[in-house]
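Data first, discussion second: the structure below is written as structure tokens.
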Amino acid sequence: MKLDADNVLRDLRELADLTGGPGGARRLAWTPDWLQARGWLRDKLAALGDAVSVHQDEAGNLWASVGAADPTAEGFVIIGSHLDAVPAGGWLDGALGVLSGLEVLRQVVAAGAPPVEIRLVDWAEEEGARFGRSLVGSSACCGTLEPDGIRDLRDADGNRLEDAMAECGVELDAAPQAAAWLEGALAYVELHIEQGPVLLDADLPAAAVSGTVGVERHLVRFTGQAAHAGSTPMDLRQDSLAAAAQFVLDVRESAIARDGVGTVGAIRTEPGVITAVAGLAEVMLDQRHLDPVALREMVADAHERAEAAAAAHGCRVEFQRIFSAPATPFAPELIEIARAAVAEAGGGSHDPIPSGPLHDATEVGRVVPTVMLFVQSDPPLSHVSIEDSPERALRLAIDAYGRTVEGVLALRATGRVA
Ligand SMILES: [Zn+2]
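In my numbering, the protein residues as written are 80 to 497.
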């Protein structure tokens, strides 16, 4: 399937002009700006004619389907991403995947019906930028959204999530019914910007993605004894911050040794003054790995090293788990299709890379065979208005995405694979 990158780039720029501009994207979920972007997409889909049927599901996800040439062909392949954006966000995050999917439908309609049904989806509220809950629409479809858990989340102006959804015609309690839209799904393919520096550093325009990593977050509290900085000799201290400092470097060593990532992004101390030994040091620890076993080992390392650091400085330590998300490895056969597609598009042959950020594909990948493709980010930043990718990389990635969708359709048309 040959996608016309000119069409995708033109659509991306048109959407950016309509709902963005120099200040960045204005497509915050459940707002009039977001609905305007949705309306624009609906117009684009309507222009493709009767072959494309458009529906909004119970969770607010927008679906556009093109039926199979053989009406008895079972199942469907899903493509897509999200149009919603963080405030003052970039022009590519999410929009690239949706508008590349739109181009797939455009080509499919022009060529006649596909071997199996294709469904383009624009997931609702991927970012979680307004209410702090990401992946709302995709988690509803995948059976992991609990309405009671998010009903009363409020935005900065005090608006409730349930009310904001209702204003867009979505009833929160009905959202889990959207799971019906995944029944019969054969595969999910998503194109997205990398949002990080790995591809830029390796001078690669695009890559297949092996999965999204698992995440473990803990508060690690070192408790010693607050004491006067002048009167307390070094050998008589119970310095919680010294223990924490040793621990921070141990976390780093563990992540490097086990090929994951481990971050201490913040330490809070008490009393937190220059003239006192810290009696309490509370470390905020984030660890991620694609392999669940390796992630467990990193957490075990953290416990072991924290105990050793505490003992070395006469302190006690306790762990409090504050968040965890399992890794979502993508489907090996689909990864291979995407990897080969990148090579055929001229992007070189190389190993797939894991995704540190979560995506809708993280949710979908738990219940449907899934693969993502990343395009290089340059600068390697996202969720900012200067987010960008080189045009050469975008064109190559769009080409590779079209080849991947074609490969997945062909595979699924010849036999369903779990
Ligand atoms: Zn995104």
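Here a beta-carbon is modelled for each residue, glycine too, at the ideal position from N, C-alpha and C.
This one's a predicted model, so the numbers in the text were calculated from it and none came from an experiment.
Contact between the stretch 469-480 and the stretch 173-188 (3+ Cβ pairs under 8 angstroms): Touching, yes.
Secondary structure of Ala497, DSSP reduced to three states: Your numbering for residue 497 matches position 418 in the sequence shown. Low confidence applies to Ala497: its pLDDT is 41, below 50, so where it sits in the model is not reliable, and the reading given next is rough at best. The DSSP-derived three-state label of Ala497 is coil.
Straight-line gap, Leu413 to Glu397 (C-alpha atoms, nearest Å): Start at 1 with the first residue of the sequence shown, and residue 413 comes out as number 334. Start at 1 with the first residue of the sequence shown, and residue 397 comes out as number 318. When only Cα atoms are considered, Leu413 and Glu397 end up about 42 angstroms apart.
Run of the alpha helix (DSSP H) containing Glu423, from where it starts to where it stops: By 1-based counting over the sequence shown, the position of residue 423 is 344. Judged by DSSP secondary structure, Glu423 falls outside any alpha helix (DSSP H); it is assigned neither H nor E.
Residues passing the C-beta test against ligand 1 heavy atoms, cut-off 5 angstroms: Taken from the N-terminal end onward, the list reads Asp172, Gly173.
Beta-carbon gap between Glu442 and Leu171 smaller than 9 angstroms: Within the sequence shown, numbered from 1, the residue matching residue 442 stands at position 363. Within the sequence shown, numbered from 1, the residue matching residue 171 stands at position 92. Contact: no.
For Gly154 and Leu265, believed in contact at Cβ under 8 angstroms, the rounded distance: Counting from 1 along the sequence shown, the entry for residue 265 is found at position 186. Counting from 1 along the sequence shown, the entry for residue 154 is found at position 75. At roughly 4 angstroms, the Cβ-Cβ gap stays under 8 angstroms, so Leu265 and Gly154 are in contact.
Other residues of its chain near Glu137: CB distance less than 6 angstroms, five sequence neighbours each side excluded: By one-based count along the sequence shown, residue 137 stands at place 58. The residues are Ala253, Ala254, Gln256, Ala257.
For Met363: DSSP bridge partner residues: Taking the sequence shown and counting its residues from 1, the one referred to as residue 363 is at position 284. Partner(s): Leu298, Ala345.
Three-state class that DSSP yields for Gly481 in the structure shown: As a working note, residue 481 is residue 402 in the sequence shown. Correct three-state label for Gly481: helix.
Exposure of His382, with buried meaning 16 or more beta-carbon neighbours within 10 Å: Locating residue 382 in the sequence shown gives position 303, where the first residue counts as 1. Burial is judged here by how many other beta carbons sit within 10 angstroms of a residue's own beta carbon; His382 has fewer than 16 and is exposed.
Pair within 9 angstroms by beta-carbon distance, Val343 and Leu364: Taking the sequence shown and counting its residues from 1, the one referred to as residue 343 is at position 264. Taking the sequence shown and counting its residues from 1, the one referred to as residue 364 is at position 285. Taking 9 angstroms as the Cβ cut-off, Val343 and Leu364 qualify as a contacting pair.
Check whether Ala189 and Arg105 have beta carbons under 9 angstroms apart: Indexing the sequence shown from 1 puts residue 189 at position 110. Indexing the sequence shown from 1 puts residue 105 at position 26. Taking 9 angstroms as the cut-off, the beta carbon of Ala189 is found no closer than this to the beta carbon of Arg105.
Where the beta strand (DSSP E) through Gln399 begins and ends: Here residue 399 refers to the residue found at position 320 of the sequence shown. From DSSP, the beta strand (DSSP E) with Gln399 extends over 395-404.
For Thr503, the residue or residues it bridges with in DSSP: Since the first residue of the chain shown is 80 and the last is 497, residue 503 is not available in this structure.
Min CB distance Leu437 to chain D below 9 angstroms: Checking the listed chains, one finds no chain D in this structure; it contains a single protein chain.
Three-state secondary structure assigned by DSSP to Glu137: Working through the sequence shown from its first residue, we reach residue 137 at position 58. DSSP places Glu137 in the coil class of the three-state scheme, outside both helix and strand.
C-beta atoms of Asp201 and Asn238 nearer than 9 angstroms: In the sequence shown, residue 201 corresponds to position 122, counting from 1. In the sequence shown, residue 238 corresponds to position 159, counting from 1. No.
7 angstroms Cβ shell around Leu488 - same chain, five flanking residues per side excluded: As a first step, residue 488 is located in the sequence shown; it is residue number 409 there, counting from the start. If the five residues before and after Leu488 are omitted, its C-beta is found closer than 7 angstroms to the C-beta atoms of Val156, Pro193, Pro194, Val195, all from its own chain and listed in chain order.
Val330 burial status per 10 Å Cβ neighbour count (16 or more: buried): As a first step, residue 330 must be located in the sequence shown, where it is residue number 251. So Val330 counts as buried.
Which of helix, strand or coil DSSP assigns to Arg117: Sequence index remark: in the sequence shown, residue 117 carries index 38 (1-based). Residue state, collapsed to three classes: helix.
C-alpha gap between Ala116 and Leu97, whole angstroms: The residue labelled residue 116 in the question sits at position 37 within the sequence shown. The residue labelled residue 97 in the question sits at position 18 within the sequence shown. Cα to Cα, Ala116 sits roughly 8 angstroms from Leu97.
Arg209 vs Asp234 beta-carbon contact at 9 angstroms: One-based indexing of the sequence shown puts residue 209 at position 130. One-based indexing of the sequence shown puts residue 234 at position 155. Between Arg209 and Asp234, the CB-CB gap stays under 9 angstroms.
Closest residue to Gly159 among Gly128, Ala203, Pro436 (Cα-Cα distance): In the sequence shown, residue 159 corresponds to position 80, counting from 1. The residue with the shortest Cα to Cα distance from Gly159 is Ala203.
Residues sharing a beta bridge with Arg239, DSSP: Reading the sequence shown from its first residue, position 160 is the one you call residue 239. Paired residue(s): Arg233.
The alpha helix (DSSP H) enclosing Met377, as first and last residue numbers: Translated into positions along the sequence shown, residue 377 becomes position 298. Residue range 371-391 is occupied by the alpha helix (DSSP H) that includes Met377.
Inter-stretch contact at 8 angstroms, needing at least 3 Cβ pairs: the stretch 454-464 / the stretch 296-312: The count of Cβ pairs closer than 8 angstroms, one atom from the stretch 454-464 and one from the stretch 296-312, stays below three, leaving the stretches out of contact.
Thr449 - containing beta strand (DSSP E), residue span: On the sequence shown, position 370 is the one that residue 449 refers to. From DSSP, the beta strand (DSSP E) with Thr449 extends over 449-454.
Cut-off 7 angstroms between Cβ atoms - residues of its own chain near Glu206, not counting five sequence neighbours on either side: On the sequence shown, position 127 is the one that residue 206 refers to. Residues of the same chain with a CB within less than 7 angstroms of the CB of Glu206, apart from the 5 flanking positions on each side, are Ala108, Asp163, Ala164, Val165, Ser213 in chain order.
Spatially closest choice to Pro408 from Pro433, Asp280, Glu295, by CA coordinates: By one-based count along the sequence shown, residue 408 stands at place 329. The option with the nearest alpha carbon to Pro408 is Pro433.
Contact under 9 angstroms by Cβ, Leu124 with Ala143: Position 45 of the sequence shown, counted from the first residue, corresponds to residue 124. Position 64 of the sequence shown, counted from the first residue, corresponds to residue 143. Inclusion of Leu124 and Ala143 in the CB contact set at 9 angstroms is warranted, their separation being smaller than that value.
Exposed unless 16 or more other CB atoms sit within 10 angstroms - verdict on Arg92: Translated into positions along the sequence shown, residue 92 becomes position 13. The residue in question, Arg92, is exposed, as its Cβ has fewer than 16 Cβ neighbours within 10 Å.
9 angstroms Cβ cutoff met for Ala287 and Ala420: Taking the first residue of the sequence shown as 1, we reach residue 287 at position 208. Taking the first residue of the sequence shown as 1, we reach residue 420 at position 341. Yes, the Cβ-Cβ distance between Ala287 and Ala420 is below 9 angstroms.
Bridge-paired residues (DSSP) for Arg198: Locating residue 198 in the sequence shown gives position 119, where the first residue counts as 1. Partner(s): Ser144, Ile157.
CA-to-CA distance, Met377 to Val356, given in whole angstroms: Mapped onto the sequence shown, residue 356 falls at position 277. Mapped onto the sequence shown, residue 377 falls at position 298. Cα to Cα, Val356 sits roughly 29 angstroms from Met377.
Residue of Gly100, Val131, Gly211, Gly263 minimising C-alpha distance to Val446: One-based indexing of the sequence shown puts residue 446 at position 367. Among Gly100, Val131, Gly211, Gly263, the Cα nearest to that of Val446 is on Gly263.
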